[in-house]
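J.: In our numbering, the protein residues as written are 333 to 644.
Every residue gets a Cβ at the ideal spot worked out from N, C-alpha and C, and that includes glycine.
Take this structure, written in structure tokens, and hold onto it; I'll ask about it next.
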């Protein structure tokens, strides 16, 4: 009697394929390091939404809330990189920076704006036009927006463990690097709230209109903090409790580990008291803020390095 072969269910085939990919990733020793070179170019789309709500027991004015959205667009040319592959100088062409606040909206730059973004030895960022730093107030807005992009523009080097990793692997982040990621969002960490972790997996298929492929990698990270301070605090205010958590997802192209997209969500709560008008009366207050960043990068044709060497 002839023996019939039953077809293998699709779900089993998918599970086998994922397992083979994981084993292949282990054999390949995946390096989460950038691979940029002078002349590389990409389109950068970055949006940041910050929601802030403050409450106090101060009579007629006991609450405040504001939502601010920033949208940044630029065609980026890498001018130089360091030994690790990090961009140290980038030229941003055709910059568009739109903002929306409760009482106003508009564009910060005119058409055709270009400038150079430089990483300093101390890890800071400077913005230059015509060989000089741009106006300080405008530079602060641009730098605050580009902190995450410039830190993670080449690859998730701030979250890689300093060794190759495998698909499906989870590892603990370096504490100082984790603090730097929170600080990029305006939060200074006094005490961590447990281990900060990251995990490498195969990415879900991209949604309609989003960049990426079905073979991309994704690194998901989580950084908790039990005690934090804001970069700027009102005079006379002191906190009695605070907490924050930063969660994010970094989508990467296989092989080069270059960034496809990066989304992050920072949530912070803080409570305390503030002196009122020089009196000894302490007014309780509470602050809650969330910051959501979404970044997409699309590779463009490389430009000869000699064309990108002069300063704008």
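(1) Indicate whether residue 605 and residue 616 have their beta-carbon atoms separated by less than 8 Å.
(2) Would you tell me roughly how many angstroms separate the C-alpha atoms of residue 517 and residue 633, rounded to the nearest one?
(3) When you compare only the Cα positions, how much space is there between residue 463 and residue 450?
(4) Thinking C-alpha only, which one of 400, 421, 572 is nearest residue 431?
(5) Would you check if the distance between the CB atom of residue 501 and the CB atom of residue 532 is smaller than 8 Å?
(6) Report buried or exposed for residue 553, applying the criterion of at least 16 other Cβ atoms within 10 angstroms of its Cβ.
(7) Are the CB atoms of residue 445 and residue 427 within a distance shorter than 8 Å?
(8) Relative to the C-alpha of residue 535, which residue among 586, 630, 424, 436 is closest?
(9) Is it buried or exposed, residue 630, if we count other Cβ atoms within 10 angstroms and call 16 or more buried?
(10) Between the Cα of residue 317 and the Cα atoms of 438, 433, 411, 528, which residue gives the shortest distance?
(11) Report the rounded CA-to-CA distance for residue 381 versus residue 435, giving the unit in angstroms.
(12) With respect to the beta strand (DSSP E) encompassing residue 386, which residues constitute its N-terminal and C-terminal limits?
(13) Indicate whether at least one CB of chain B lies closer than 8 Å to the CB of residue 370.
(14) Look at the alpha carbon of residue 583 and the alpha carbon of residue 460, and state the distance between them as a whole number of angstroms.
T.: If we stick to the structure as given:
(1) Counting from one through the chain shown, the residue named residue 605 turns up at place 273. Counting from one through the chain shown, the residue named residue 616 turns up at place 284. Yes. Within cutoff.
(2) The sequence position of residue 517 within the chain shown is 185, counting from 1. The sequence position of residue 633 within the chain shown is 301, counting from 1. So the alpha carbons of these two residues sit roughly 32 Å apart.
(3) Start at 1 with the first residue of the chain shown, and residue 463 comes out as number 131. Start at 1 with the first residue of the chain shown, and residue 450 comes out as number 118. Using only the alpha carbons, I get a separation of about 11 Å.
(4) Residue 431 sits at position 99 when you count from the first residue of the chain shown. For the residues 400, 421, 572, the minimum Cα distance to residue 431 belongs to 400.
(5) To locate residue 501, count along the chain shown from 1; it is residue 169. To locate residue 532, count along the chain shown from 1; it is residue 200. A contact, by the Cβ cut-off of 8 Å.
(6) Along the chain shown, one-based indexing puts residue 553 at 221. Flag for residue 553 reads buried.
(7) The count along the chain shown starts at 1 and reaches residue 427 at position 95. The count along the chain shown starts at 1 and reaches residue 445 at position 113. Yes, the Cβ-Cβ distance between residue 427 and residue 445 is below 8 Å.
(8) Counted from its first residue, the chain shown places residue 535 at position 203. Cα-wise, what sits closest to residue 535 is 586.
(9) For the purposes of this step, residue 630 is identified with residue 298 of the chain shown, where counting begins at 1. By the 10 Å Cβ count, residue 630 comes out exposed.
(10) Summary: the structure shown does not reach residue 317, with the chain confined to residues 333 through 644, and so no result is reported for it.
(11) By 1-based counting over the chain shown, the position of residue 381 is 49. By 1-based counting over the chain shown, the position of residue 435 is 103. In a straight line, the C-alpha of residue 381 is about 16 Å away from that of residue 435.
(12) Counting from 1 along the chain shown, the entry for residue 386 is found at position 54. Run containing residue 386: 373-388, per the beta strand (DSSP E) assignment.
(13) The chain labelled as chain B is not found in the depicted structure, where only one protein chain is given.
(14) Within the chain shown, residue 583 is the residue found at index 251, counting from 1. Within the chain shown, residue 460 is the residue found at index 128, counting from 1. So the alpha carbons of these two residues sit roughly 30 Å apart.
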